[in-house]
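*Asks:* Got a structure here, written out as structure tokens. Questions coming.
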Amino acid sequence: MSQKVLIVDDAAFMRMMIKDILTKNGFEVVGEAVNGQEAVDKYQELSPDLITMDITMPEKDGIQALKEIKEQDSNAKVIMCSAMGQQSMVIEAIQAGAKDFIVKPFQPDRVMEAINKALG
1 MSQKVLIVDD AAFMRMMIKD ILTKNGFEVV GEAVNGQEAV DKYQELSPDL ITMDITMPEK
61 DGIQALKEIK EQDSNAKVIM CSAMGQQSMV IEAIQAGAKD FIVKPFQPDR VMEAINKALG
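Under full-length UniProt numbering, the first residue of the sequence shown carries the number 1, and numbering increases by one thereafter.
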């Protein structure tokens, strides 16, 4: 059975890029969300094995959404994605429970490395 992934990013192009990498590697993308609030709602609804989460989004940023998802499910596996390689955000995301961090533009090898590491 393929592992289910929820992709969260406010940019459709970025969601498409990640979805392409994942489906080519045998993952099933069960949902997409465009902001942090939608991510929290869809996590409850879809129970994915993994989430890729953008940090900078409207309504609720990725770090806030990560914290809320981890409150609901301490075993949630979340990989943060951001165009900004800001050290403070990386550290905050990891402290909030993110498994890994990928920087845009995505390198398929790095995406898969982070996903395989997160899923153990």
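We put the CB at the ideal spot given by N, CA and C, even for glycine.
1) Between Lys-67 and the rest of its own chain, which residues show a CB-CB distance below 6 Å, the 5 nearest in sequence each way excluded?
2) Tell me which residues share the same chain as Ile-115 and place their Cβ nearer than 7 Å to its Cβ, disregarding the 5 neighbours each side in the sequence.
3) Contact between the stretch 55 to 73 and the stretch 18 to 31: three or more CB pairs below 8 Å?
4) If you run the structure through DSSP and keep just helix, strand and coil, what is Met-57?
5) Scan the UniProt domain "Response regulatory" (4 to 119) and note each continuous beta strand (DSSP E) run of 3 residues or more that stays entirely inside, going in chain order.
6) Do you know offhand how far Ser-82's Cα is from Ala-12's?
7) Short check: CB of Pro-48 to CB of Val-34, under 9 Å?
*Replies:* Quick answer:
1) Ala-96
2) Here the set comprises Leu-50 and Ile-79.
3) no
4) coil
5) As far as the UniProt domain "Response regulatory" (4 to 119) is concerned, its whole beta strand (DSSP E) runs of at least 3 residues are 4 to 8, 28 to 33, 50 to 54, 78 to 82 and 100 to 103.
6) Counting only the Cα atoms, Ala-12 lies some 14 Å from Ser-82.
7) With contacts defined as CB atoms closer than 9 Å, Pro-48 and Val-34 fail to qualify as a contacting pair.
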